[in-house]
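Per our numbering, numbering of the sequence shown is gapless, rising by one per residue and ending at 1365.
Where is the CB? At the ideal position from N, CA and C, for every residue including glycine.
Beneath this line is the structure, given in structure tokens, with notes to follow.
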Amino acid sequence: MKISVFAIPEIVLGKHNVKDLRLDQADKLVKAKKKTYPQVEIVGEDLALEADIIIIPKDVKTDLILKDLDFVETRLNRSPEEKEKILLNKMREVLEREDFLSTMDLSGEDKELVSGYGLLTLKPVMVINKEEAEDVSGLLARALAQSGFICFLTVGDKENRAWLIRKGTTAWEAAGAIHSDIQQGFIRAEIISFADFIQAQGETQAKQAGKMRLEQKEYIMQDADLANFRFNK
């Protein structure tokens, strides 16, 4: 996952671990040699179009909106086809209200139409105060949540780990986040909800309490699910 940062010198470019309190709790209940947090890559504004979310200070908000507004008006001046013209006019109205384009409810057809535009505010944008920049770990955790990512957990033996996936990811796709061999040989997913895991005070206890579920490929992963994937080797 990539996060683009505009004019926030407190956030250093490069790869960052994002602390996850759920993983910390799991690590206290299940012994493992290693604990691994999810990792994100922080990039500058020059790579904003590649990012999953943009973080900006308040004083940059207007500049970001004006960039998109300038593009939209330029495109309108080129006499686009009717469908595109209608969509561009809607976008102009949103931007002129000083709202981000990400607030629009775009259809699949609309998204396809604007996919090559390079409009920054179509992406999730997190606006922060200067004081908030001091808590980098907290900012990155918020950015994960606002950009549509969640984590699932694997615990025990060598490593307790939080794996980063998009909301809506299936069990089969989540298995691929660990290794392509697990995805290809997928049999089933053994899932314990995080709430059940904590209430039982451990993985073994949760299983004994009948809280482990067997799920198929199509299961939609939930935030902080504990997962064990059975697969053909």
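I'd like to know whether the C-beta atoms of G1288 and K1163 end up nearer to each other than 9 Å.
In this structure, K1163 lies closer than 9 Å to G1288 by Cβ.
What first and last residue would you give for the beta strand (DSSP E) that runs through K1134?
First-last of the beta strand (DSSP E) with K1134: 1134-1137.
Out of E1228, T1301, N1221, which one is the CA nearest neighbour of Q1076?
Outside the shown range of the chain (1133 to 1365) lies residue 1076, about which nothing can therefore be said.
Classify F1232 as helix, strand or coil using the three-state DSSP reduction.
Three-state DSSP puts F1232 in coil, outside helix and strand.
Rounding to the nearest angstrom, what Cα-Cα distance links K1193 and V1259 in this structure?
Going from the Cα of K1193 to the Cα of V1259 covers about 7 Å.
I need the straight-line Cα distance from V1144 to L1227, nearest angstrom please.
V1144 and L1227: Cα-Cα distance of roughly 30 Å.
Distance check for I1185 and S1279, CA to CA, integer angstroms please.
Distance between the alpha carbons of S1279 and I1185 is about 6 Å.
To the nearest angstrom, report how far apart L1254 and E1322 are at their CA atoms.
C-alpha separation (whole angstroms): 37 Å.
List the endpoints of the continuous alpha helix (DSSP H) containing V1246.
V1246 -> alpha helix (DSSP H) spans 1240-1246.
Does the region 1189-1206 come into contact with the region 1144-1163, if we say contact requires no fewer than three beta-carbon pairs (one atom in each stretch) closer than 8 Å?
No, the region 1189-1206 does not touch the region 1144-1163.
Spell out the partners DSSP gives W1295 in its beta bridges.
Answer is F1284.
Rounded to a whole number of angstroms, what is the C-alpha to C-alpha distance between Q1171 and G1248?
So the two alpha carbons sit approximately 28 Å from each other.
State whether the region 1337-1355 contacts the region 1304-1322, with contact taken as three or more CB pairs (one from each stretch) at a distance under 8 Å.
Yes, they touch.
Taking K1262 as the reference, which of P1141, S1136, M1133 has the closest Cα?
For K1262, the nearest C-alpha among the options comes from P1141.
Considering only residues of the same chain and omitting the five flanking positions on each side of I1324, which have a CB-CB separation below 7 Å?
Here the set comprises E1335, A1338, K1343, M1344, L1358.
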